[in-house]
Amino acid sequence: MINKNAILVEQQNLTHVSSLEPFIYTDLLAEYAGNELVSFFHFWNMTNQVILGMKDTRVTFLDKGIESIKAENYNVVVRNSGGLAVVADEGILNFSIIIPQPKEKYSFTIDDGYSLMKVIIEKALSDFNSQIDAFEVTDSYCPGDFDLSINGKKFAGISQRRIKKGIGIMIYLSVDGDQEKRGKMVQNFYKEGLKDQFGKDGFPPVNPNSMANLSDLLQTKMTIDEMKNRIIHVLNDDYLFDQSIKEKFDTFQNSNEFKENYDKQEIRMIQRNDIIHWSETV
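Residues in the sequence shown are numbered from 5 upward in steps of one, following my numbering.
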């Protein structure tokens, strides 16, 4: 059972300078969710960023892979959740559901999390009468069992992060923009980073044609703001966004406790990203 008291958090058009923020917030919101028994719905998007998983940092020629990304005027950040490389830019909407799970009260499985996210996206797009399938698109970037597709073309990927007292279910939605360019950029990262080992050792043989934007799949002009509003409309039917709960959280964000916790998480993320800065100097 998910607590119906909820808070909406939005971070828009984050630049590379702020690229660690959404990942820091995931852990902070999870801890707060567990303590206060409240759920969070976190929307964020970035400008020209490639987000690497920790496995990606172990490609043989990391410096060459990063160079290929920067040649496209994108920056690189390493996230603190599982999975492989994804792209985040002004046409990609990132959305996280963060649920409290004190061990003595709730039991929420990994499949429950994936299913919850899929249902929300299906409801948000229900007026298009397009079937959304969940299966691994093996030649997409960051393939997973719960990739979301329409007519065999992947438009979203889902991951999870389980943190003390909470669970984060994260999705990236390719809404608009040049998805073929995104696919080629990730493909080139692996080609440059792996050379003749491309597509081996658990790294995907990325085919840019395996993915598409919602705008193209639904044959309509869709923006990330519209997609976000569609999701919020679904959430309003099932969750209580009480202003007093939001004000309590806002007060907490201005507290010394929040600042101390934020600083600790920021240090961890900076350390996680040290390998990128090291590779740039090689």
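Positions of the beta carbon are idealized from the N, C-alpha and C atoms, including for glycine.
The residue among Arg276, Asp229, Leu239, Asp267 with its C-alpha nearest the C-alpha of Asn98 is Asp229. Excluding the 5 residues flanking it on each side, Thr64 has same chain C-beta neighbours closer than 8 Å at Gly197, Leu198, Lys199, Gln201, in chain order. Classified as buried, Ser214 has 16 or more neighbouring CB atoms from the shown chains inside 10 Å of its CB.
Linking Lys232 to Glu261 through their CA atoms gives a straight-line distance of about 31 Å. Here Pro104 is bridged, per DSSP, to Gly170. Thr30 is not a Cβ neighbour of Thr51, given a cutoff of 7 Å.
Boundaries of the alpha helix (DSSP H) harbouring Glu25: 25–40, taken from the DSSP string. Straight across, the Cα-Cα distance linking Leu33 with Ile102 is about 7 Å. C-alpha of Asp149 to C-alpha of Val90: approximately 16 Å in a straight line. Nearest C-alpha to Glu40 among Asp278, Ile249, Ile271: Ile249. Put simply, the stretch 124–137 does not touch the stretch 56–76. Fewer than three CB pairs are less than 8 Å apart.
The alpha-carbon separation between Gly172 and Ser100 amounts to approximately 6 Å. Exclusion of the five residues before and after Phe27 leaves Arg83, Asn84, Met273 as the residues of its chain whose Cβ lies within less than 7 Å of its Cβ. Between the alpha carbons of Glu35 and Leu222 lies a distance of about 37 Å. Excluding its 5 nearest sequence neighbours in each direction, Tyr243 has C-beta neighbours in its own chain below 6 Å: Lys8, Ala10, listed in chain order. Gly156 sits away from Pro104, with the two beta carbons spaced by 7 Å or more. Taking the C-beta atoms as reference points, Val54 is found no nearer than 7 Å to Tyr145. Going by DSSP, Glu14 is part of the beta strand (DSSP E) stretching over 10–18.
In chain order, Gln164 place their CB closer than 7 Å to the CB of Ile114, counting only its own chain and leaving out the 5 sequence neighbours on each side. Using a Cβ distance threshold of 7 Å, Met121 and Ile162 count as a contacting pair. Contact between Ile73 and Val80 holds: CB atoms are separated by about 6 Å, below the 8 Å threshold. Distance between Asp151 and Glu251, taken at the CA atoms: about 35 Å.
Buried is the label assigned to Asp93, since at least 16 other Cβ atoms lie within 10 Å of its Cβ. Under the three-state reduction of DSSP, Val123 is assigned to helix. Using a 10 angstroms sphere on the CB of Lys195, the tally of other CB atoms reaches 16 or more, which defines it as buried. Judged by DSSP secondary structure, Gln53 falls within the beta strand (DSSP E) whose first and last residues are 53–56. Every alpha helix (DSSP H) of 4 residues or more that sits fully in the stretch 154–221 is shown, in chain order, as 183–198, 218–221. Within the same chain, Cβ atoms closer than 7 Å to the Cβ of Ser219 are found at Val179, Asp180, Lys225, Met226, the five residues on either side in sequence being excluded.
With a contact defined as Cβ atoms closer than 8 Å, Leu129 and Arg234 qualify at about 7 Å. Exposed is the label assigned to Gly206, since fewer than 16 other Cβ atoms lie within 10 Å of its Cβ.
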